[in-house]
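*Asks:*
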Amino acid sequence: MDRRLLVISIDSMIEDDLRIIAKLDTLGDILGRSSVVWEMTSTYPTLTHSIHSSIITGCYPDRHGVISNERFIPGNLHAPWYDKASDLKVATLPDLCKSMGYTTASVCWPLTVGADMTYVLHRAGIRVPLEQKGEAMRASSTEGLVDEVEPFTGKCWDELPHFEASDRFSCRAAAYLYKEHKPDVMYVHLILVDHMRHQKGVYGEHIEQAYQFLDIELKVLWDTLEQEGLLDKTIVNITSDHGHLPVERVVSLNRFFKDNGLLCLKDNGELDTWQAYAHTCALSAQIYLSDSSVAERVYSLLDRNSAALGISRVFTAEQAENEYHLRGGFSFVVETDGHTAFSSDYNAPLVGRTGDEDYRYSVATHGHLPTVGPQPCFILYNPFASRRIELQRGRIIDQAPTLAKLMGIPMSDCDGECIKELCEDSKWI
Ligand SMILES: [Zn+2]
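When you number the sequence shown by numbering that gives the first Met the number 0, it's gap-free, plus one each residue, and the end is 428.
1. Relative to the C-alpha of Y360, which candidate in W156, I310, H197, T102 has its C-alpha closest?
2. Consult DSSP for T91 and reduce its assignment to one of helix, strand or coil.
3. If you measure from each CB to the nearest heavy atom of ligand 1 and keep those under 6 Å, what residues do you get, in chain order?
4. Would you call T152 buried or exposed, if buried means 16 or more other Cβ atoms sit within 10 Å of its Cβ?
5. Residues bridged to A340 by DSSP?
6. Skipping 5 residues on each side, what residues in its chain have a beta carbon closer than 7 Å to that of T279?
7. Are three or more beta carbon pairs between the stretch 210-227 and the stretch 365-372 nearer than 8 Å?
8. Exposed or buried, which one is M99 when buried takes at least 16 other CB atoms within 10 Å?
9. Based on the DSSP output, what are the partners of Y276 in its beta bridges?
10. Whole angstroms are fine: how far does the CA of Q374 sit from the CA of V201?
11. Would the stretch 392-402 and the stretch 49-63 be scored as touching if the rule is three or more Cβ pairs under 8 Å?
12. Measure from the alpha carbon of E38 to the alpha carbon of each residue in D16, L46, T47, V119, then state which is nearest.
13. What would DSSP say about M136, mapped onto helix, strand or coil?
14. Determine whether the beta carbon atoms of L144 and L120 lie at a separation below 7 Å.
15. Taking DSSP as the reference, what is the three-state secondary structure of I206?
16. Are the stretch 178-192 and the stretch 1-10 touching, with three or more C-beta to C-beta distances below 8 Å?
17. Express the C-alpha separation of K83 and R32 in angstroms, rounding to a whole number.
18. Can you list the alpha helix (DSSP H) stretches of 4 or more residues lying completely in the stretch 286-328, in chain order?
19. Return the Cβ separation of N253 and A277 in integer angstroms, given the expectation that the two are a contact with Cβ distance under 8 Å.
20. Quick one: what does DSSP say G393 is sitting in, helix, strand or coil?
21. Relative to the C-alpha of H48, which residue among S34, H63, D214 is closest?
22. Rounded to whole angstroms, what's the CA-CA distance from T468 to K419? Just pull it up for me.
23. My guess is that V184 and L4 are in contact by the Cβ rule of under 8 Å, so how many angstroms apart are they, rounded?
24. With R171 as the anchor, note down where its alpha helix (DSSP H) starts and where it stops.
25. Going by the DSSP bridge assignment, what does M188 pair with across the sheet?
26. Expressed to the nearest angstrom, what Euclidean distance is found between the alpha-carbon atoms of G328 and T102?
27. Between the beta-carbon of I50 and the beta-carbon of D240, is there less than 7 Å?
28. Taking the alpha-carbon positions, what's the L262 to M136 distance?
29. In angstroms, rounded to a whole number, what distance separates the CA positions of E147 and S140?
30. Taking the alpha carbon of S289 as the reference point, which residue from R303, T272, H243 has its own alpha carbon closest?
31. Where do the N-terminal and C-terminal ends of the alpha helix (DSSP H) with C417 fall, by residue?
32. What is the DSSP secondary structure of I54, counted as helix, strand or coil?
In C-alpha cells, the structure reads:
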C-alpha cells in the first residue's frame, strides 16, 4: 500500500494555540480532519534540539545524547549547537524508513546535517550574513538541492525577516520536493511562532499574526499534496516541542561562582580557570565541576542561595537521570523558580534584565521542566483512520513509535510506546 508520512513541527505550538488554528483556512481545515492530543509531555530540558531528537528517535536525552541546544564549551558563550546526525546515539524513524526502502527528506529539521536521508535541506543561521547564506545552506544540505529548490522558494531571504523567510523557505521547499521527487517520508521544522514568543511574550496578537503568516505558507504545501494526489495517502502530523514561560530577570550563575572563588577570569575578562561552571539551558542550567572535591560546597552554595538565584530545585546528576532521563557530564541541574532565566556570562551582573539578542534571556523562553507551564500539542491527520479522536495527554517519546506503527514499520528499540488509541482504527494494522 502506498503510505506516506509528513511531520511538520511548529516550534513552541501549545494547546492554547489550537483556538487560533481552528479559525484559519488551511490549518483549521487540517485540524478539522485530525485527531488531537492536547498536551504532550516533553523531555528535560525543554530545549528545541534535545526535544526534536526525542521526537524523531522515541528516546529520552540519556539515550539519544542531545542534552542541550548548545555544546558544552566553557568560555564560549555562543557555542555551536548540536546539529549533526552523528550527534545522535540512536537510530531515528527516518533511518528505519530508509532501511525499509522508503525515500526520506528533511527540511530544516534539527540534527539532520549529514543524515543518511535521500534529501536534506537546511537554512543558514540568523547570524550568517545574507551574501553568505547560500554557501552556508549548501554546506549542510544534499549536494545540488539548494540550487535546485531556489527558483521555487524565491528570494525569501532578501524579502523577509529571517524567521518569516525561514518558514516560507521550508514550506515552499517541501512543496517543491513533493512536486518533483515525492519523498515517502518528510520532516519539516517551522520556527516563526517560537521566535515571536521569545520576542514579545507567550500570548498576544503577535502569536495570531505569526499563525496567519504560517497559514498562507502552509497552504502552498497542503495544496501541493492535494494536486499531486497524495492527500489520501499521507499521514500528516503537525507537532511541537515545548511551551514557554514569561521571564522577569536573568541570573548569571557563573558570576555567582566567580564571586565565590570557583571560577577565575583573565585580566581581559576571558575565562581562565574554573572548578564549577554553569552551562545555561535558559530556564535550567547544567552545573559542571572540574574538581569533584568541591561538589558538596557547590551544592550547599546553590541550595542555601536558591531564592536569590531564582532556583526552585537543585537536582543531583543521579536525580536528573532517575526522574527525567537526563544524563551528561554535569554534576547538578538547577531548575528555574518560574520567572528567572540563567546566564553563563561570567562578566554579567549577578542579576540582570531580559533582552532580545539571545533566545535564552528573552522575555519568554524555555528549558524548564516539561511538567510546568503550557504544554505542546499534537495534531494527526490520518487518511487511513475511520474516525478522529481527542486525547488529553500523551508523551513526546511515544510519537516516533506511534508514527512507525502507522507506517507499518517495526520500532521497538526506543523508550516510547505506540499510542494505541491513535493506531487502533488505522487500516492494515
Ligand atoms: Zn523549540
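Every residue, glycine too, gets a C-beta built ideally from N, C-alpha and C. Predicted model, so just to flag it, every value in this text is computed and none were measured.
*Replies:* Judging by the given coordinates:
1. H197
2. coil
3. D10, S11, T47, D193, D240, H241
4. buried
5. V249
6. F341, S342, S343, R359
7. no
8. By the 10 Å Cβ count, M99 comes out exposed.
9. Y287
10. 12 Å
11. yes
12. D16
13. helix
14. Contact annotation: L144 and L120 have beta-carbon atoms nearer than 7 Å.
15. helix
16. yes
17. 35 Å
18. 294-303, 305-308, 316-323
19. Rounded to the nearest angstrom, the Cβ distance from N253 to A277 is 5 Å, consistent with a contact under 8 Å.
20. strand
21. H63
22. Outside the shown range of the chain, which is 0 to 428, sits residue 468, and nothing can be said about it.
23. Rounded, the Cβ-Cβ distance is 5 Å, consistent with contact.
24. 161-179
25. Reading the sequence as shown, one finds His at residue 188 and not Met. DSSP, once it has assigned bridges, lists S8 as partnering H188.
26. 37 Å
27. yes
28. 38 Å
29. 11 Å
30. The shortest Cα separation from S289 among R303, T272, H243 belongs to T272.
31. That residue, C417, is in no alpha helix (DSSP H); it is neither H nor E in DSSP.
32. helix
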